[in-house]
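*Asks:* Here the working numbering runs 56 ahead of the position in the sequence shown, where the first position is 1. This is the structure I have questions about; it appears just below.
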Amino acid sequence: MERVSNIYFVPTPIGNMKDITLRALEVLENSDIIYCEDTRNSQNLLKFHNINTKLISYHKFNESERVEEIISNIENGKTVSVISDAGMPIINDPGFVILQEVIKKGISYEILPGACALINGICGSGFDATNFVYMGFVPKTESEREKFFKNFKDMSVTGIFYESPHRLLKTLKSLYAQFGNINVCVCRELTKLFEEYKRGCIDEIISYYEEKGVKGEIVLVIEKIVDEKETFDVANEIFKLKKEGYSNKDIVKTLKDNFNISKNEAYELVLNFENKEAN
């Protein structure tokens, strides 16, 4: 027996119209009302899947009045769904305000699983996904970006950000000026026809997009930024432990405990060390 809720937060495709779960389609079809960002955009999705549920706009400019309306509809026995133009509601999209009110009033709700660009980005980047942070959109000004990325670096994790195509090169150049030739992955047009994962040292990525141009929606993934001193200390630790006869398994555990890194990162560092020694 499935749980029945008063309001559902339903993720929608981020590019490919078929990337939506059977349950999400069922919930949308059985809802009395679907609140969405742009009725024209959402109508295309519903039409594609032969769903005729009523659509009402719900966005940051009419949130206050819509929240009261949504609560009233629920209290009058209506089943309501909330969607965004693409991806998971609430994540950089409308939905948070209504969710807060729903929780406050003790109304039953469900968050359905599904498409989310930041998850595709971290998984497709090829960087360590054991520990990561999502920080939303990159600030527009140089000074704001500097503080923003300083905060990220201090977290010592893989970072995921959203960026617009016309600001991508500025952001990459800001990162290069601040941290040097770090590794990044530009995830572009995810799930669409021209999907692209472009990863490498930041100077290579800058050159690539200066030549090719930048189009489409972007998820920017930045590999964990490690201080040169910390890298040197790790290499010395591996050398010392190898000399003392420790196994790779024990070295990985020691690095993980002493340098606050994941098991995958520690293992990769040991392999890199062995490759350098072999050469």
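Idealized CB from N, CA, C, for every residue including glycine.
#1: Note the first and the last residue of the continuous alpha helix (DSSP H) segment covering Y264.
#2: Which whole-angstrom value is the C-beta distance of T109 and S87, which I expect to be below 8 Å?
#3: Does DSSP put N304 in a helix, a strand or coil?
#4: Out of V270, K271, F329 and S263, point me to the one whose CA is closest to D289's CA.
#5: So I76 is in the alpha helix (DSSP H); what residue range does that whole segment cover?
#6: Can you pull the DSSP bridge partners for Y232?
#7: Please name the residue in K116, K74 and E267 whose C-alpha comes closest to that of F104.
#8: Which residue marks the beginning of the alpha helix (DSSP H) containing E333, and which one marks its end?
#9: Per the contact definition of three or more C-beta pairs closer than 8 Å, is the stretch 230 to 249 in contact with the stretch 194 to 206?
#10: Between the Cα of P221 and those of S212, E245, A185 and E198, spot the shortest distance and give me the residue it belongs to.
#11: G272 to I294, Cα distance in whole Å?
#12: Note down the Cα distance separating E119 from N106, rounded to an integer number of angstroms.
#13: Using CA atoms only, rank isn't needed, just tell me which of M144, G162, F152 and F183 is closest to I130.
#14: Give the secondary structure of N316 by DSSP, where H, G and I count as helix, E and B as strand, and everything else as coil.
#15: Within 10 angstroms of its Cβ, does T227 collect 16 or more other Cβ (buried), or is it exposed?
#16: Which residue comes first and which comes last in the beta strand (DSSP E) that contains I112?
*Replies:* According to the structure shown:
#1: Position 208 of the sequence shown, counted from the first residue, corresponds to residue 264. Run containing Y264: I258 to K268, per the alpha helix (DSSP H) assignment.
#2: Along the sequence shown, read from residue 1 onward, the residue named residue 109 stands at position 53. Along the sequence shown, read from residue 1 onward, the residue named residue 87 stands at position 31. Confirmed, Cβ separation roughly 5 Å.
#3: If you number the sequence shown from 1, residue 304 lands on position 248. DSSP places N304 in helix when its eight states are reduced to three.
#4: Translated into the one-based positions of the sequence shown, residue 289 becomes position 233. Nearest C-alpha to D289: F329.
#5: Position 20 of the sequence shown, counting from 1, holds the residue named residue 76. It is not in any alpha helix (DSSP H) - I76 carries neither H nor E in the DSSP assignment.
#6: Sequence index remark: in the sequence shown, residue 232 carries index 176 (1-based). Answer is none; Y232 lacks a bridge partner.
#7: Position 48 of the sequence shown holds residue 104. Out of K116, K74 and E267, K74 has the C-alpha closest to the C-alpha of F104.
#8: Residue 333 sits at position 277 when you count from the first residue of the sequence shown. K319 to A334 is the extent of the alpha helix (DSSP H) around E333.
#9: yes
#10: Counting from 1 along the sequence shown, the entry for residue 221 is found at position 165. With distances taken between Cα atoms, P221 lies closest to E245.
#11: Walking along the sequence shown from the start, residue 272 turns up at place 216. Walking along the sequence shown from the start, residue 294 turns up at place 238. Taking the straight line joining both Cα atoms gives about 43 Å.
#12: Within the sequence shown, numbered from 1, the residue matching residue 119 stands at position 63. Within the sequence shown, numbered from 1, the residue matching residue 106 stands at position 50. If I take the Cα positions, the gap works out to 28 Å.
#13: Here the question's residue 130 lines up with position 74 in the sequence shown. Measuring from the Cα of I130, the nearest candidate turns out to be G162.
#14: The count along the sequence shown starts at 1 and reaches residue 316 at position 260. If DSSP states are grouped into helix, strand and coil, N316 belongs with coil.
#15: Sequence index remark: in the sequence shown, residue 227 carries index 171 (1-based). Its Cβ being crowded by 16 or more others within 10 Å, T227 is buried.
#16: Indexing the sequence shown from 1 puts residue 112 at position 56. Here the beta strand (DSSP E) through I112 covers K110 to S113.
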